[in-house]
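Protein chains in written order, with this note's numbering: chain Y, 16 to 480; chain Z, 274 to 467.
Here a beta-carbon is modelled for each residue, glycine too, at the ideal position from N, C-alpha and C.
Quantities reported herein were computed from a predicted structural model and do not represent experimental measurements.
Worksheet for the structure shown next.
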Amino acid sequence: MATLLDKIWDAHVVHRGATGSDLLYVDFHLLHEGSSPQAFEGLRLAGRTVRRPDLTLATEDHVVPTRGQLGRTGVAATMVEALRRNCAEFGIPLHRSGTEGQGIVHVIGPELGITQPGRVILCGDSHTSTHGAFGALAFGIGTSQVEHVLATQMVAFAKPRAMAVTLHGALPTGVSAKDVALAIIGRIGTGGAQGHVIEYRGPAVEAMSMEARLTLCNMSIEAGAKAGMIAPDDVTVEYLRGRPYAPTGKAWDDAVASWKSLRSDDDAEFDRSVDIDVTTLSPFVSWGTNPSQVVELSGAVPDPADAPDPAGRRAAERALTYMDLSPGTPMREIPIDVVFLGSCTNGRIEDLRAAAQVLDGRRIAPGVRMLVVPGSAAVKRAAESEGLDEVFRKAGAQWRTAGCSLCVAMNDDSLAAGERCASTSNRNFEGRQGRGGRTHLVSPTTAAATAVAGRLTAPSTLETA
Amino acid sequence: MKPITSITGRAVAIRRTNIDTDQIIAARHCLRTTRTGFAEHLFAAWRAEPGFPLADPAHAGATILLAGADFGSGSSREHAVWALQDHGFAVVIASRFGDIFADNAVRSGLVAAVLADDEVSSLMDAVEADPALPIAVDLVDLTVRAAGIEAPIRMDADTRQRFLDGLDGIDVTLQHEAAIRAYELTHVPIARAS
Ligand code: SF4
Chain Y
16 MATLLDKIWD
26 AHVVHRGATG
36 SDLLYVDFHL
46 LHEGSSPQAF
56 EGLRLAGRTV
66 RRPDLTLATE
76 DHVVPTRGQL
86 GRTGVAATMV
96 EALRRNCAEF
106 GIPLHRSGTE
116 GQGIVHVIGP
126 ELGITQPGRV
136 ILCGDSHTST
146 HGAFGALAFG
156 IGTSQVEHVL
166 ATQMVAFAKP
176 RAMAVTLHGA
186 LPTGVSAKDV
196 ALAIIGRIGT
206 GGAQGHVIEY
216 RGPAVEAMSM
226 EARLTLCNMS
236 IEAGAKAGMI
246 APDDVTVEYL
256 RGRPYAPTGK
266 AWDDAVASWK
276 SLRSDDDAEF
286 DRSVDIDVTT
296 LSPFVSWGTN
306 PSQVVELSGA
316 VPDPADAPDP
326 AGRRAAERAL
336 TYMDLSPGTP
346 MREIPIDVVF
356 LGSCTNGRIE
366 DLRAAAQVLD
376 GRRIAPGVRM
386 LVVPGSAAVK
396 RAAESEGLDE
406 VFRKAGAQWR
416 TAGCSLCVAM
426 NDDSLAAGER
436 CASTSNRNFE
446 GRQGRGGRTH
456 LVSPTTAAAT
466 AVAGRLTAPS
476 TLETA
Chain Z
274 MKPITSITGR
284 AVAIRRTNID
294 TDQIIAARHC
304 LRTTRTGFAE
314 HLFAAWRAEP
324 GFPLADPAHA
334 GATILLAGAD
344 FGSGSSREHA
354 VWALQDHGFA
364 VVIASRFGDI
374 FADNAVRSGL
384 VAAVLADDEV
394 SSLMDAVEAD
404 PALPIAVDLV
414 DLTVRAAGIE
424 APIRMDADTR
434 QRFLDGLDGI
444 DVTLQHEAAI
454 RAYELTHVPI
464 ARAS
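The structure is reproduced here in structure tokens:
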């Protein structure tokens, strides 16, 4: 009768409020420099402490440079300094930039084995939904809630509704979890899952690697969902085995036994269900300024006149003006200035491998700038041990150190006004990658092929190397 | 946080849907360690566009913002709420909000009021016809009133109570200290093993 959401929720309720919001225990709280300074300041002003520094961990990702050293002065240095001071004062472990455990918060959580099935994981960042790939309930919170969690290790929320997104069939070759995510958001819209936790299920999900599942859950927030989750299975267990925070010995055996039984009951009822046949999907790309404005790469820029309602039509017209695109233009004819491979969506080792495979023996088009930014220092080391950095460099791409980089442009990396970027990140909002910059969301392999062709391209249509 | 029971003021309408938090305030303008100082960056890119309503002197001093569906989608940055408040807004009215934005709003004392889509449109029409029109937002009876329009606010009981009480959320939670402690006694923590 119970969904995965019900089970995790109920196991964490400490108090049921009279007005419909429950007080939940937070198993782990991840921090980064961007959303935490005001929370610590609030604690200090009220004379409060951090209740469980042992269940808290911080990293530096949003503002750090991915080339060269962090400066001693400037706004980025101020943010990082604030985090370092706060972590020292309150006894919170910190993975500093330049150290081996540093990386994007949603990449290092899984990597360290902190993200575990059945747990409640929070972070002051909307893409915390990523961690749900392990069968955790994980969602983003704002700074006031960060302060609340620091002080109490609790969070108060009304329980969201449950939505099943079932992926039927097997993914065709060349179609990735990113393409699936864009297809889902294109279908249900940026507010399509508002107020819901999505549980992804079905054969195509079961067949996905842990990293692909992370990409899928990462994008849940772009459909407006509170969180995304996937029931744990053998893939989950094997990923976690031996990670620094994974249990050991008998505790591991007990944990595995409980993880394997953690799933929605067969007769569980969802508030909403969406079914998608993935067998007919092909690579997707965004044409507009929100992640629901997507089309198949083989398609063309849509005509706003075809929008179902006046608001949608106005939004499409605005988006096309901003993106400097005309209806009917084939997506494959759109030239690109910059390619970004990285972010918490697609900055993991499998993403880099997939892109490197396309780039191996090829060169990126003249005039195209390509940044390859590993999601963590560990991803960087793994890629270098496999020689992927050489493949990227030989192709003419820049090999960077770990961070959010061009996903968010609150660091040294940004687009110039008017520049057009094929990006493996998650948001194509106006100005997201720099004021006046234009973003097309794509998968890692599409990003790589696009860099080679100088226009939006899937690997299948590249000439052989 | 101060209790809020009702707010009356003039309004300004931005007829756009999906106003994500990156539009409300760009990430590069969030590089501060305070909760204030964000007003000048509110809708910074759009304010440079001719005809953007926020730049219209007729709407100067508006405390209520009317916007299209899915306002505040995207990033969790609470700076979006702070920038709106810094600018002088006390209420945002839309037919749907991004979840995290709505939660941030209640924690920081900005009223995010959900109305039906056609009621938001009617209010937008009325405000564009008469920028001086006062709009009353009442959280006690959950109703928005303006020039013959009476629209119910959809707000869950918990959110409404938080506005009406204006209590410190951390203090409220810590009233359950005994229950939290009991939970922690049997709780298996995530801990570094190697
Ligand atoms: S990579 Fe982008 S989306 Fe992910 S945490 Fe960093 S800024 Fe946010």
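Counting only Cβ pairs nearer than 9 Å, list the residues of chain Y close to residue i.
| i | result |
| --- | --- |
| Z:Arg308 | Gln53, Glu56, Gly57 and Thr158 |
| Z:Asp343 | Gly204, Thr205, Gly206, Gln209, Gly239 and Asn305 |
| Z:Gly439 | By Cβ distance, chain Y contributes nothing, its closest Cβ being about 14 Å from Z:Gly439, past 9 Å. |
| Z:Gln358 | Ordered by position in chain Y, no residue passes the 9 Å Cβ test against Z:Gln358, which lies about 12 Å from the chain. |
Could you tell me whether any non-hydrogen atom of ligand 1 is closer than 7 Å to the CB of residue i?
| i | result |
| --- | --- |
| Y:Ile119 | yes |
| Y:Cys419 | yes |
| Z:Asp293 | no |
| Y:Asp76 | yes |
| Y:Cys422 | yes |
| Y:Ser358 | yes |
| Y:Asn441 | yes |
| Y:Asp366 | no |
| Y:Asp140 | yes |
Does chain Z have any CB closer than 8 Å to the CB of residue i?
| i | result |
| --- | --- |
| Y:Met169 | yes |
| Y:Leu152 | no |
| Y:Ser141 | yes |
| Y:Tyr254 | no |
| Y:Leu45 | no |
| Y:Phe444 | yes |
| Y:Met425 | yes |
| Y:Ser297 | no |
| Y:Tyr215 | no |
| Y:Val122 | no |
| Y:Thr263 | yes |
| Y:Ala553 | Residue numbering for chain Y in the displayed model covers 16 to 480; residue 553 of chain Y lies beyond these limits and cannot be assessed. |
| Y:Met94 | yes |
| Y:Thr34 | yes |
| Y:Gln131 | yes |
| Y:Thr450 | First, the residue type needs correcting, since residue 450 of chain Y is Arg and not Thr in the sequence shown. It does: the Cβ of Y:Arg450 has a partner Cβ on chain Z nearer than 8 Å. |
| Y:Arg63 | yes |
Nearest chain Y C-beta to residue i closer than 8 Å, yes or no?
| i | result |
| --- | --- |
| Z:Glu351 | yes |
| Z:Pro462 | yes |
| Z:Ala299 | yes |
| Z:Arg320 | no |
| Z:Ile373 | yes |
| Z:Asp429 | yes |
Can you check which of these residues, the options, is closest to residue i by C-alpha distance?
| i | options | result |
| --- | --- | --- |
| Y:Arg67 | Y:Thr461, Y:Thr188 and Y:Leu45 | Y:Leu45 |
| Y:Arg347 | Y:Ala171, Y:Ala315, Y:Gly402 and Y:Gly449 | Y:Ala315 |
| Y:Asn233 | Y:Ser50, Y:Gly418 and Y:Gly362 | Y:Gly362 |
| Y:Thr188 | Y:Ala468, Y:Thr461 and Y:Arg470 | Y:Thr461 |
| Z:His460 | Y:Lys275, Y:Val41, Y:Gly113 and Y:Asp140 | Y:Val41 |
| Y:Arg378 | Y:Val95, Y:Ala148 and Y:Thr479 | Y:Thr479 |
| Y:Ala148 | Y:Ile156, Y:Gly157, Y:Ile136 and Y:Asp290 | Y:Ile136 |
| Y:Glu96 | Y:Pro132, Y:Val65 and Y:Phe55 | Y:Phe55 |
| Y:Thr205 | Z:Asp329, Z:Arg289 and Z:Gly347 | Z:Gly347 |
| Y:Val170 | Z:Ala420, Z:Val410 and Z:His449 | Z:His449 |
| Y:Leu165 | Y:Gly201, Y:Ser358 and Y:Cys138 | Y:Cys138 |
| Z:Phe374 | Y:Ser191, Y:Phe154, Y:Lys275 and Y:Val271 | Y:Phe154 |
| Y:Val388 | Y:Arg59, Y:Asp282, Y:Ala412 and Y:Pro381 | Y:Ala412 |
If you count every other CB in all the chains shown that lies within 10 Å of the CB of residue i, and 16 or more means buried, which is it?
| i | result |
| --- | --- |
| Y:Glu104 | exposed |
| Y:Pro323 | exposed |
| Y:Glu284 | exposed |
| Y:Arg31 | exposed |
| Y:Arg447 | buried |
| Y:Ala437 | buried |
| Z:Val413 | exposed |
| Y:Ala338 | It is worth fixing the name first, because residue 338 of chain Y is Met in this sequence and not Ala. Its Cβ being crowded by 16 or more others within 10 Å, Y:Met338 is buried. |
| Z:Phe325 | exposed |
| Y:Thr294 | exposed |
Can you pull the chain Y residues whose beta carbon is under 7 Å from the beta carbon of residue i, in chain order?
| i | result |
| --- | --- |
| Z:Gly261 | Because chain Z in this structure spans residues 274 to 467, residue 261 of chain Z falls outside the shown range and cannot be described. |
| Z:Ser395 | Neighbours of Z:Ser395 on chain Y: none; closest Cβ ~15 Å, over 7 Å. |
| Z:Arg465 | Pro259 and Tyr260 |
| Z:Thr290 | Ala326 and Ala330 |
Report the neighbours of residue i on chain Z: residues whose CB is nearer than 7 Å to its CB, in chain order.
| i | result |
| --- | --- |
| Y:Leu38 | Thr446 and His449 |
I want to verify the contact list: residues of chain Y whose CB lies under 8 Å from the CB of residue i, in sequence order.
| i | result |
| --- | --- |
| Z:Asp414 | Neighbours of Z:Asp414 on chain Y: none; closest Cβ ~17 Å, over 8 Å. |
| Z:Gly442 | Ser159, His163 and Ala171 |
In chain Z, which residues lie with their C-beta within 8 Å of the C-beta of residue i?
| i | result |
| --- | --- |
| Y:Ser50 | Ser349, Arg350 and Glu351 |
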